[in-house]
Structures are given as C-alpha cells and as structure tokens.
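Undergrad: Take a look at this one; I'll ask things after.
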Amino acid sequence: MIPVRVIPCLLLQNRGLVKTVRFKNPTYIGDPINAVKIFNDKQVDELIFVDIAATQNGTGPPFELLRQISSECFMPLAYGGGVTTMEHFHSLYTLGVEKVCVNSHALKNPGFLTIAAREFGSQSVVAAIDVKKKRFGGYEARTRSGRDGTGLDPVYLARRYEAEGAGEIFLNDIDRDGTMSGYNLELIASVTDAIDIPVVACGGAAKVGDLAAAIQEGGA
C-alpha cells in the first residue's frame with residue numbers, strides 16, 4: 021500500500037505566494053522562502069509549488085526562484101506551471117525538484133508525458149487535472165488556470181494520462197479551491213476507482229477530518 025502523504029500546495033505569482041478562491045482573485049500572502057522554512061519545521065511529507073501565471077504568460081518555470089526554494093527545502097519538492105519541453109524537466113530536476121507537474125501541455129500534446137516518463141521515470145512525472153462541475157451535472161477538465169474548457173471528463177483524462185506513463189494524478193477541484201468546505205469525495209472516488217496510480221487530492225481542506233475522508237472515502 022502506498023503510504024499516505026500530506027502535501028501543502030503553494031501558489032506562485034510574480035515570485036510571491038498567493039491564495040485564490042475557486043482559481044480567482046489571487047491575493048498576496050507572503051514570501052515563498054519563508055513558507056518553505058515554516059513547512060520544514062512542521063515536517064510535512066512533500067511540498068508542491070504551482071506557478072499560476074507561467075502558462076498564461078508563456079514564461080516557463082521561474083528557475084532562479086525555484087533554485088532558491090529548493091536550497092531551503094528539506095522535503096521532496098514538486099513543481100507545476102509552464103512546463104512545455106524536456107529541457108524544462110531536465111532543468112527542474114537539476115535544481116532539486118523531484119516531481120514535475122504538467123497540465124495544459126500534456127492535454128494539447130498526447131505522448132508528451134510518455135517521452136518524459138521514458139527519459140526521467142514515471143515516478144517523477146505528475147499529470148495535473150483541474151476540474152469544474154458542469155451546470156447540468158458531471159465534471160469537465162479545464163486548463164490555463166481553469167479559464168479554458170476541454171469538454172473532457174476527468175476520469176477519461178486520468179486513464180489517458182496513466183496509459184501515457186504518468187506516475188501520479190494531481191486532482192484539483194476548482195469549485196472547492198480556497199473555500200475550506202471539504203473535499204469533493206465523489207470526484208476523488210470516481211478518479212481513484214478508475215486508475216491504479218496514486219491520486220493526490222487538492223481543493224477544500226479545512227480540518228484533519230477532511231484529510232481522513234479524502235483518504236478513506238475518496239481513496240486519495
């Protein structure tokens with residue numbers, strides 16, 4: 021059995037740490053290096069940083085900032101945002117990032133994850149899926165920080181990414197993001213039941229009981 025991991029997800033924008041609610045209205049909350057030091061003291065299992073502006077701006081990952089973050093980080097570090105080339109993967113791993121998350125580029129370029137997994141190993145390649153509930157029921161995967169609809173069901177996409185070689189799915193519920201209203205257990209379970217690789221659930225946590233529910237009822 022894969023051990024349970026508690027993974028704080030920290031959002032970057034313009035080198036600062038921000039908080040969003042339902043992927044909107046990013047509010048500056050502090051310096052990312054200070055946040056890393058705090059989580060070092062709390063001995064969390066992993067950290068993931070997501071640059072919410074990198075894909076939008078076409079800038080690629082903020083390598084210098086990530087170098088500083090990695091030098092202070094005492095736990096495994098994952099990064100997502102603006103990753104579009106194998107060179108990005110290589111540079112991130114060289115900086116000390118252990119897992120790389122890909123969302124928009126993986127969707128637009130079938131086989132991109134396969135190449136990455138063959139070159140760097142599935143264990144270090146994570147496919148991110150941002151999900152929003154549709155008006156008349158069901159769920160839709162979205163890209164570009166939730167701005168663009170795909171018309172694709174997240175279960176279908178998770179199966180596709182697993183087949184392409186991703187080692188994990190990072191499942192982010194847009195409607196629960198920043199709300200502290202609890203995880204969407206229905207969504208989590210629908211994905212975990214469909215695939216064999218680990219699913220990291222994100223969006224809605226407010227208390228320890230929410231984590232337990234996501235694990236025990238959702239299978240995250």
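Taking this note's numbering, the leading residue of the sequence shown gets 21, the next gets one more, and so forth. C-beta: ideal position from N, C-alpha, C; glycine also. Treat the numbers as computed from the prediction; the structure is a model and nothing was measured.
Just list the residues that DSSP pairs Phe190 with in beta bridges.
TA: Looking at the DSSP assignment, Phe190 forms a beta bridge with Ala148 and Val220.
Undergrad: By how many angstroms is the C-alpha of Asp61 removed from the C-alpha of Ser165?
TA: Going from the Cα of Ser165 to the Cα of Asp61 covers about 30 Å.
Undergrad: For Ala234 and Val219, what's the separation of their Cα atoms in angstroms?
TA: Cα to Cα, the separation comes out at about 10 Å.
Undergrad: Could you check how far apart the C-beta atoms of Pro82 and Val103 are, in whole angstroms? I think they sit under 8 Å.
TA: With 8 Å as the limit, Pro82 and Val103 do not qualify as a contact, their Cβ atoms being about 12 Å apart.
Undergrad: Applying the 10 Å Cβ sphere with the 16-neighbour rule, what's the burial state of Gly19?
TA: Past the edges of the chain, shown from 21 to 240, lies residue 19, and the structure says nothing about it.
Undergrad: Rounded to whole angstroms, what is the Cα-Cα separation between Pro98 and Val175?
TA: In the sequence on display, residue 98 carries Ala and not Pro. Going from the Cα of Ala98 to the Cα of Val175 covers about 23 Å.
Undergrad: Just checking my contact of Asn192 with Ile149 at CB under 8 Å: how many whole Å lie between their CB atoms?
TA: Confirmed, about 7 Å.
Undergrad: Among Thr134, Gly223, Val38 and Ile89, which residue has its Cα nearest to the Cα of Lys152?
TA: If we check each option's Cα against that of Lys152, Gly223 comes out closest.
Undergrad: Can you tell me the Cα-Cα spacing of Val122 and Val145, whole angstroms?
TA: Straight-line Cα distance between these residues: approximately 8 Å.
Undergrad: Along the alpha helix (DSSP H) that carries Glu184, what are the first and last residues, could you check?
TA: Per DSSP, Glu184 belongs to the alpha helix (DSSP H) from Pro174 to Glu184.
Undergrad: Could you check the C-alpha separation between Thr212 and Tyr159 for me, to the nearest Å?
TA: If you take the alpha carbons of Thr212 and Tyr159, they lie about 15 Å apart.
Undergrad: Checking the sheet assignment: what are the DSSP bridge partners for Lys62?
TA: Partner(s): none; Lys62 has no beta bridge.
Undergrad: Could you check if Gly185 is buried or exposed, using at least 16 other CB atoms within 10 Å of its CB as the buried criterion?
TA: By the 10 Å Cβ count, Gly185 comes out buried.
Undergrad: Using the Cβ count rule (16 or more neighbours within 10 Å means buried), how would you classify Ile89?
TA: It is buried - the Cβ of Ile89 has at least 16 other Cβ atoms within 10 Å.
Undergrad: On the DSSP letters alone, give me the boundaries of the alpha helix (DSSP H) that Arg253 sits inside.
TA: The structure shown does not extend to residue 253, since the chain spans only 21 to 240, so no value can be given for it.
Undergrad: Looking at Arg42 and Gly239, is the spacing between their C-beta atoms short of 8 Å?
TA: Not a contact, by the Cβ cut-off of 8 Å.
Undergrad: From Glu92, Arg162, Pro28 and Ala137, pick the residue whose C-alpha is nearest to that of Leu115; which is it?
TA: Out of Glu92, Arg162, Pro28 and Ala137, Glu92 has the C-alpha closest to the C-alpha of Leu115.
Undergrad: Whole angstroms are fine: how far does the CA of Glu66 sit from the CA of Glu182?
TA: Using only the alpha carbons, I get a separation of about 22 Å.
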